[in-house]
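Chains as they are written, first to last, in numbering that gives the first Met the number 0: chain A, 0 to 496; chain B, 0 to 496.
Ideal Cβ placement from N, Cα and C applies to all residues, glycine included.
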Amino acid sequence: MINFNMILIASFLFPLLSGVLLFAIKEQADRKVTFAYTGLSLVITGVLNMILLFADSAEVKLITLMNGIDIVFRLDTLGKYFMGIVSLVWILAGFFSYTYMKHEKNEKRYFAYYLIVFGVLNGLGAAGNLITMYAFYEFMTLSSFPLVLHNQKKESVMAALKYLFYSFFGAYMALFGLFFMCRYCRTLDFIPGGVIDQVAMSGHETLVLVCICLMIMGFSVKAGMFPLHAWLPAAHPVAPAPASAALSGIIVKGGVLAILRVIFYIAGPEIIRGTFIQYLLLTLSLVTVFMGSMLAYREKVLKKRLAYSTVSQLSYILFGIALLNPAGLTGSLLHMAAHAFIKCALFLSAGAIIFNTGCTRVDELRGIGKKMPGVIWGYTIVSLGLIGIPPTGGFISKWYLASGALSSGIKGFSYAGPIVLLISALLTAGYLLPVTINGFFPGDDYDYENHKTIKTSFYMIMPIIVLAILSVLIGMFPNGLTEFIGSITGEIFNTGF
Amino acid sequence: MEIMRNFPCISIILCMCSAIVSSALPGKWARRLNVTIVLAVITLSGGTLVYSLAKGYETVYKMGRFPAPWGNEIRFGVLEAIMALFFSGILLLSVLGGSKKLKEDIDNFKENLYFVLLDLLLSSLLALIYTNDLFTAYVFVEICTIAACGLIMASERGRAIEAATRYMIYAQIGSGLLLFGLCILYDITGHLLMSNIKTQVIILASSGQYHIPLVISIVFIGTGLAIKSALFPFHAWLPDSYGYSPVPSAAILSSLVSKGYIFLLLKIFYRVFGLNIIQESHLFNILLIFGLAGMIFGSVSAILEQDIRRMIAFSSVAQIGYIYMGFGMGIRSGMVAAVFHIISHAASKSLLFISSAGLTDASGKNKTFKDLTGAAYRNKIAGAAFTTGALSMVGVPLFSGFISKLLFAKAAFETNAMTMVATLVCLAISTILNAVYFLKTVARIYTPATTEYETIRFKDNIPFGVACILFIILNLILGLASDPLVEFINRGLMMFS
């Protein structure tokens with residue numbers, strides 16, 4: 000019999016400590032040693048997370064902060080799902096870092112924080128109540144901050160500060176709501192279907208709704224929702240490519256996870272349905288979907304373009320959440336996984352291009368497909384996934400989102416939603432595919448004389464290909480995943496009320 | 000066991016005697032004596048705490064066994080013992096952390112005078128905590144002020160003298176008002192012992208006799224002590240005094256001296272007037288308004304500040320606003336939160352002052368942010384300590400500041416709707432403002448610099464490093480295991496009334 004409680008603790012404590020230990024170890028002359036250590040820690044953590052996927056339940060009460068407020072970790076299906084996605088992406092981007100970080104300084108610091116953030120994310124997924132989640136949410140901001148400013152140029156430091164202040168502003172908006180929740184909830188533990196105390200709430204409905212709204216808005220800063228999205232296109236591109244991949248693929252999902260927890264595990268869908276919160280979230284997410292795609296389309300620097308694309312894609316997920324029905328939520332959760340894999344692969348491709356050619360702007364990438372065929376093939380496959388062309392992962396998730404919107408019966412939005420999604424898909428094709436098209440078909444005036452194929456390192460190409468395959472697999476064989484998601488939505492929509 | 004009832008009296012007298020002895024000792028020995036005495040006081044206070052906890056109610060200790068109207072009384076319970084323990088502990092750590100800096104700041108042959116003042120300060124603080132006699136309290140308020148003045152201008156240079164003068168003027172106005180209040184109170188009740196006055200005050204209040212003089216004395220005492228503890232808008236003396244005095248003085252002044260007066264005010268609320276009469280005089284509302292204003296104003300001034308020491312000083316204005324806000328709620332849980340904040344703020348603020356000295360030392364003794372860039376790399380332990388203090392001040396979970404914020408928020412729910420909304424809104428705004436200036440500074444000290452200053456290693460200044468580590472541990476303990484302390488405070492306040 001395996002003690003899952005211990006594994007649950009180890010899954011976030013182990014990478015945390017091993018990251019801290021890395022600080023204490025002297026700078027090694029051979030970078031392979033540092034990397035071997037990091038890689039081993041990453042894999043061990045990944046294995047721990049995989050074991051947890053098979054756990055039925057695990058609950059650990061670590062300490063009591065004060066009367067009635069504990070630091071609790073509890074494994075539930077949503078947490079498992081999140082931790083699963085995190086481990087896959089984190090390990091693959093970690094391997095990519097091996098080659099990429101050759102041309103950056105301070106490798107040891109990078110890997111140490113990389114491990115620490117991994118631990119914090121596992122803690123975020125496993126958090127069992129609002130206070131614990133809030134604590135890890137703050138730590139996530141703080142520990143990912145050094146990853147953003149890694150190259151320590153003025154531009155990166157300013158972007159990182161912007162990231163820090165936006166995130167903290169959001170977090171304190173959420174904390175303000177959290178204070179009220181202490182009063183109007185039966186408990187702060189996450190229970191599918193919500194924990195609002197109907198008796199305490201009666202007479203204070205507006206206040207409770209405003210507080211829930213503040214919490215959602217606060218956490219949505221991390222998910223890059225309009226109007227507080229400005230940090231994202233600034234912060235993500237300045238980080239080293241594998242870090243931007245992890246930030247854009249995973250850290251933003253931390254915000255999504257927090258919103259999911261607030262809406263479905265604290266407030267409960269029934270309390271929010273039909274209120275101003277739902278309409279606000281629907282409107283803002285659709286605005287962001289469109290605006291993000293539009294900005295990405297107009298952007299010329301590849302990594303920035305991908306960051307804007309994240310802004311847009313994250314709001315797909317938020318839109319699905321705001322529909323408050325099982326199909327919409329299924330779409331959101333599927334898109335969470337699909338987008339994590341795809342956006343990670345896209346940023347890694349951008350990283351591979353920058354590493355090998357030094358090109359950052361899209362118009363410099365003519366003929367890139369001839370030079371680096373493997374990378375651009377991977378890029379193309381995941382691009383198709385993000386656009387939503389079957390049989391890739393993006394298609395399934397968008398299908399669920401659209402059907403969720405159509406069946407929701409919310410006036411206006413049930414049609415506006417799918418339309419905006421379609422337009423945005425077109426824009427997505429418009430901003431992602433030029434790289435492929437110009438890359439493989441540079442035109443007659445391309446200088447074939449000086450053409451030479453660039454050999455890409457195995458550590459660079461492997462993660463991109465694996466992620467591309469994963470994103471296709473989700474689309475081709477979605478049943479296992481949708482069944483798992485079905486158990487999450489089942490919990491939420493069948494219990495309570 | 001019974002011998003323990005003498006401990007408070009012994010600790011006061013020990014400190015006074017050591018002050019007298021120190022005046023004849025060379026500086027080095029005066030320092031050793033001071034450390035020994037503080038350690039002794041810590042032990043004695045610990046004994047007092049154990050004794051009070053075991054006894055369960057307050058102890059009245061007659062000095063020289065003279066009965067009430069003629070004799071002087073000491074009265075102590077759990078809360079007094081905790082305060083004495085924390086005050087002496089933080090004094091010890093502050094002196095430890097600043098001892099090397101002190102040698103640079105003070106002329107060699109005057110070093111013993113500094114420790115004379117420190118001993119006097121501790122004895123007067125202990126007397127303020129323990130005494131049951133209003134006039135004794137007044138006398139020790141004066142001693143405390145004079146000692147504090149000496150501590151501010153110990154370096155005898157430049158703006159320190161100006162700051163000390165300004166502090167002297169403000170403090171004298173405060174003492175004057177306090178004395179007026181006491182005179183009126185003595186006039187209408189005929190007593191100086193707190194318990195005797197209270198009996199009379201209750202009779203006066205129920206008969207409606209001397210209503211106006213009673214209110215005036217409440218206002219005078221409240222205002223006097225508010226000026227001395229730098230409640231907004233009486234804070235003008237504070238930034239210079241904390242900014243230009245030697246580091247241990249700044250740490251001690253901000254975390255102990257102003258808190259001593261606040262504790263005296265708390266005692267007067269409970270022991271002299273009783274909460275009901277204060278409530279009727281509307282003093283609580285006034286304190287609440289100025290407390291809230293201080294929270295916002297102090298933080299805004301701190302954001303505008305360019306000098307790290309003055310920034311921390313302005314942050315004190317905000318934090319003292321928090322404490323008065325807790326008082327201003329006028330309820331038990333507000334008082335508990337305020338008392339907890341007295342302790343948690345003392346722990347983090349002295350840490351910030353001490354570590355900022357380490358940072359400025361590593362930046363060529365410059366205190367502006369421009370020069371502090373990258374200071375945390377040059378003095379690693381100071382950087383870590385400053386970060387801990389900053390996170391605690393900002394209110395990141397697992398640090399002490401978060402617990403006080405939770406306690407304040409919880410207390411706010413028990414007040415009326417107006418107070419609740421005002422309190423929570425100010426709490427949220429002030430938290431965000433705190434985050435802006437503290438995290439900006441943390442980011443600044445971790446930004447690598449182009450300028451070259453010498454690096455300070457741990458072994459260059461071992462007492463400083465040890466003090467920083469102990470302070471960090473103290474902050475974490477307060478943040479992680481606050482339950483027993485809150486319980487003690489609760490019990491202590493129960494004994495008060």
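Residue from the options whose Cα sits closest to the Cα of residue i
i, options, result
"Val271 (chain B)", "B:Cys467, B:Ile285, B:Phe495", "B:Phe495"
"Glu110 (chain B)", "B:Asn195, B:Met152, B:Phe463", "B:Met152"
"Ser399 (chain B)", "B:Ile211, B:Leu119, B:Ile342, B:Gly464", "B:Ile342"
"Ala332 (chain B)", "B:Gly491, B:Ser122, B:Pro68, B:Tyr137", "Here residue 332 (chain B) turns out to be Ser, not Ala, going by the sequence shown. Among B:Gly491, B:Ser122, B:Pro68, B:Tyr137, the Cα nearest to that of Ser332 (chain B) is on B:Gly491."
"Gly479 (chain A)", "A:Thr329, A:His450, A:Cys358", "A:Thr329"
"Arg4 (chain B)", "B:Arg31, B:Val49, B:Leu32, B:Cys14", "B:Val49"
"His338 (chain A)", "A:Leu15, A:Ser143, A:Gly45, A:Phe81", "A:Phe81"
Closer than 8 Å: residue i CB and nearest the ligand FMN heavy atom
i, result
"Arg443 (chain B)", "With respect to small molecules bound, the structure shown includes none, and the ligand FMN cannot be examined in it."
Where the beta strand (DSSP E) containing residue i begins and where it ends
i, result
"Leu390 (chain B)", "Segment 379-393 is the alpha helix (DSSP H) holding Leu390 (chain B); no beta strand (DSSP E) there."
"Ile73 (chain B)", "72-75"
"Ile70 (chain A)", "68-73"
"Lys60 (chain A)", "58-65"
"Lys152 (chain A)", "Element bounds for Lys152 (chain A): n/a, residue is neither H nor E."
"Tyr315 (chain A)", "Run containing Tyr315 (chain A): none in the beta strand (DSSP E); it sits in the alpha helix (DSSP H), 301-322."
"Thr58 (chain B)", "58-61"
Through-space distance from residue j to residue i, alpha-carbon basis
i, j, result
"Lys107 (chain A)", "His149 (chain A)", "11 Å"
"Pro483 (chain B)", "Leu405 (chain B)", "16 Å"
"Ser331 (chain A)", "Leu432 (chain A)", "24 Å"
"Gly221 (chain B)", "Gly180 (chain B)", "9 Å"
"Ser21 (chain B)", "Pro245 (chain B)", "20 Å"
"Ile380 (chain B)", "Asp360 (chain B)", "12 Å"
"Ile491 (chain A)", "Ala401 (chain A)", "20 Å"
"Val261 (chain A)", "Lys366 (chain B)", "43 Å"
"Tyr518 (chain B)", "Ile41 (chain B)", "The structure shown does not extend to residue 518 (chain B), since chain B spans only 0 to 496, so no value can be given for it."
"Asp53 (chain A)", "Val316 (chain B)", "At residue 53 (chain A) the sequence reads Phe, which differs from the Asp that was named. Phe53 (chain A) and Val316 (chain B): Cα-Cα distance of roughly 53 Å."
"Ser308 (chain A)", "Phe487 (chain B)", "54 Å"
"Ile12 (chain B)", "Ser122 (chain B)", "7 Å"
"Ala292 (chain B)", "Gly478 (chain B)", "26 Å"
"Trp69 (chain B)", "His190 (chain B)", "10 Å"
"Ser481 (chain B)", "Met65 (chain A)", "6 Å"
"Ser10 (chain A)", "Gly118 (chain A)", "7 Å"
"Leu390 (chain B)", "Leu358 (chain B)", "17 Å"
"Ala384 (chain B)", "Asp196 (chain A)", "41 Å"
"Leu192 (chain B)", "Ile202 (chain B)", "16 Å"
"Ala434 (chain B)", "Met324 (chain B)", "20 Å"
"Ser17 (chain B)", "Asp118 (chain B)", "7 Å"
"Phe496 (chain A)", "Leu206 (chain A)", "Below a pLDDT of 50, predicted positions are generally treated as unreliable, and Phe496 (chain A), at 38, falls in that range; no measurement from the model is reported."
"Met167 (chain B)", "Phe275 (chain A)", "57 Å"
Where the alpha helix (DSSP H) through residue i begins and ends
i, result
"Thr359 (chain B)", "331-360"
"Leu426 (chain B)", "416-444"
"Pro417 (chain A)", "412-439"
"Cys527 (chain A)", "Chain A is shown only over 0 to 496; residue 527 (chain A) falls outside these bounds and no answer can be derived."
"Phe22 (chain A)", "3-23"
"Lys409 (chain B)", "399-411"
"Arg30 (chain B)", "26-54"
"Thr198 (chain B)", "193-206"
"Lys451 (chain A)", "Premise fails: Lys451 (chain A) is in no alpha helix (DSSP H) and is neither H nor E."
"Leu469 (chain A)", "457-475"
Within the region 76-149 of chain A, note down every full alpha helix (DSSP H) run reaching 4 residues or more, in order along the chain. 76-99, 106-125, 129-147
Flag this pair as touching only if the region 222-231 of chain A and the region 59-79 of chain A have three or more C-beta atom pairs under 8 Å; answer yes or no. no
I'd like to know if the region 172-189 of chain A and the region 109-129 of chain A are in contact, where contact means that at least 3 CB-CB pairs between them fall below 8 Å. yes
Answer yes if the region 144-163 of chain B comes into contact with the region 287-302 of chain B, meaning at least three C-beta pairs across the two stretches below 8 Å, and no otherwise. no
Does the pairing of the region 380-387 of chain A with the region 243-259 of chain A give three or more beta-carbon distances under 8 Å? no
For a minimum of 4 consecutive residues, which ranges assigned as the alpha helix (DSSP H) are wholly contained in the region 94-154 of chain B? 110-129, 133-151
Jot down the residue ranges of each uninterrupted alpha helix (DSSP H) in the region 364-417 of chain A, minimum 4 residues, whole runs only, in chain order. 367-370, 372-386, 392-407
Report yes or no: do the region 204-221 of chain A and the region 146-160 of chain A share at least 3 C-beta pairs separated by less than 8 Å? no
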